[in-house]
Amino acid sequence: MEYLPLRAADECRWDLLSLGEVMLRFDPGEGRIVGARSFRVWEGGGEYNVARGLRRCFGMRTTVATALVDNPIGRLVEDLIFQGGVDTSHIRWDAFDGVGSASRNGIYFLERGFGVRPGTGVMDRGHTAVSQLRPGQIDWDAIFGHEGVRWFHTGGIMAALSESSTEVVREAMVAARRHHTIVSFDGNYRPSLWRSRGGRQASIDVNRSLLPLVDVLFGHEGDIASAVEEHAHRPAWHTVESFYAMSQRIIAEFPTLRVVATTVRHTTSANRNGWSAFAFAQDHVDHGLRFDDLEILDRVGGGDSFAAGFIYGLLQRKSLTWSLNCGIAHGAIAMTTPGDSSMSTLSEVEALMSGKLKGTIR
Numbered sequence: 582m583e584y585l586p587l588r589a590a591d592e593c594r595w596d597l598l599s600l601g602e603v604m605l606r607f608d609p610g611e612g613r614i615v616g617a618r619s620f621r622v623w624e625g626g627g628e629y630n631v632a633r634g635l636r637r638c639f640g641m642r643t644t645v646a647t648a649l650v651d652n653p654i655g656r657l658v659e660d661l662i663f664q665g666g667v668d669t670s671h672i673r674w675d676a677f678d679g680v681g682s683a684s685r686n687g688i689y690f691l692e693r694g695f696g697v698r699p700g701t702g703v704m705d706r707g708h709t710a711v712s713q714l715r716p717g718q719i720d721w722d723a724i725f726g727h728e729g730v731r732w733f734h735t736g737g738i739m740a741a742l743s744e745s746s747t748e749v750v751r752e753a754m755v756a757a758r759r760h761h762t763i764v765s766f767d768g769n770y771r772p773s774l775w776r777s778r779g780g781r782q783a784s785i786d787v788n789r790s791l792l793p794l795v796d797v798l799f800g801h802e803g804d805i806a807s808a809v810e811e812h813a814h815r816p817a818w819h820t821v822e823s824f825y826a827m828s829q830r831i832i833a834e835f836p837t838l839r840v841v842a843t844t845v846r847h848t849t850s851a852n853r854n855g856w857s858a859f860a861f862a863q864d865h866v867d868h869g870l871r872f873d874d875l876e877i878l879d880r881v882g883g884g885d886s887f888a889a890g891f892i893y894g895l896l897q898r899k900s901l902t903w904s905l906n907c908g909i910a911h912g913a914i915a916m917t918t919p920g921d922s923s924m925s926t927l928s929e930v931e932a933l934m935s936g937k938l939k940g941t942i943r
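Anchor point for the sequence shown: position 348 equals 929 in the working numbering, and the numbering is continuous, going up by one each time.
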């Protein structure tokens, strides 16, 4: 069944373009940030992680639109993106002023957590190059039109960075739709990013202004409704009936939406979670594979890896059920390795989908 009017692969250079910030992540491993004397370094960012997962695990042709400062830190981020296989031709480079007072590259420090100790992160991303992007600085018509893109992905993190970044997201979405590119949006809400812009209500207002330009909406459990509805509670979508009702309500208000998908996570401890997902399309809900007790090494990026697997299935014109299970399996495996991004292969994902890898699935 065709859920989305996808452009043909042979008329497009890119299967997916992501727009978002790419930061350096400093990981103290099993220790604490405060006592660390060495860190492993990864690249990461909600929107970028989707492009990386689609490239490394699924072999899709992906590129990222972002901005970095042209200094050794920015070039390290670029080198890590190279290793992930994602194209870098749409990175905008800002000049370095020697101290980073005008523009800088974002970094963050993240403890994974273990048992009763939750993961915790410290962001250092003020005045970054990508937050200062302005409409008109990227030639979207050249990318979506001349080069050709089948799927455009961005999200609430990019939209939250600044008022100008919100308008860059809007400008890109309008151009994508003009060239018949599918648009997906992950409603990631980061309270720290909205604190100076009006909090949750301001986030809702921005999301509502963007959703008429979106085909596929992603979110975390209980977060989709509260991301777009005023005074919404944050219920757990543990049943097909409740998720169906929520999806119908949102699509009735935003009829351009064709697909709604959400991950469902039950936290037992930092390294043991229940993990599953729902998807809604064409007035039908699927509830995919369910891991009742998934052992986790690093949960960051699990939702992005779910989105990558789900998008892969839809790009391949697979069924909603297959696409949903692909996303769940890809997210599950991604959380067994360190770093934001997937290190798995398509054969591993398919084996987990079929139950051939060890895991509690029902």
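Even glycine gets a Cβ: it sits at the ideal position worked out from N, Cα and C.
Here the structure is a predicted model, which means the values were calculated and not measured.
If you measure between the beta carbons of residue i and residue j, is that distance less than 9 Å?
i	j	result
Leu-945	Phe-733	The chain is shown from 582 up to 943; residue 945 falls before or after that span and cannot be answered.
Leu-791	Val-750	yes
Glu-692	Gly-640	no
Val-795	Thr-837	yes
Ile-892	Val-797	yes
Ala-710	Val-650	yes
Phe-663	Ala-851	no
Ala-913	Gly-634	no
Glu-583	Arg-606	no
Leu-585	Val-840	yes
Cys-907	Val-930	yes
Met-916	Ser-886	yes
Leu-878	Thr-918	yes
Glu-822	Ile-738	no
Among residues of its own chain, excluding the 5 on either side of residue i, which ones have a beta-carbon nearer than 6 Å to its beta-carbon?
i	result
Asp-705	Ile-688
Phe-725	Ala-756, Ala-757, His-760, Thr-762
Thr-848	Asn-854
Gly-655	Leu-649, Asn-686
Met-754	Val-764, Leu-794
Ile-832	Leu-838
Return the bridge partner residues of residue i from the DSSP annotation.
i	result
Trp-775	DSSP output for Trp-775 lists no bridge partner at all.
Glu-744	Its beta-bridge partners do not exist; DSSP assigns none.
Ser-765	His-734, Val-797
Ala-646	Leu-600
Considering only residues of the same chain and omitting the five flanking positions on each side of residue i, which have a CB-CB separation below 8 Å?
i	result
Arg-637	Gly-665, Gly-666, Ser-922, Ser-923, Met-924
Glu-659	Leu-649, Thr-669, Ile-672
Asp-722	Ala-756, Arg-759, His-760
State yes or no: is the beta carbon of residue i nearer than 9 Å to at least one beta carbon in chain D?
i	result
Asp-675	You won't find chain D in this structure, because it holds only one protein chain.
Here's a check: name, in chain order, each residue in its chain whose Cβ is nearer than 7 Å to the Cβ of residue i, leaving out the five neighbours to either side.
i	result
Ala-676	Asp-651
Ala-783	Trp-775
Counting along the chain, where does the alpha helix (DSSP H) carrying residue i start and finish?
i	result
Ile-914	901 to 915
Ala-932	927 to 934
If I follow the unbroken beta strand (DSSP E) through residue i, where does it start and stop?
i	result
Met-704	701 to 705
Ser-599	595 to 600
Asn-854	853 to 862
Asp-867	865 to 868
Tyr-689	688 to 692
Gly-655	First-last for Gly-655: 653 to 665, but that is the alpha helix (DSSP H), not the beta strand (DSSP E).
On the premise that residue j lies in contact with residue i, defined as a C-beta separation below 8 Å, what is that separation, rounded to the nearest angstrom?
i	j	result
Ala-858	Ile-909	5 Å
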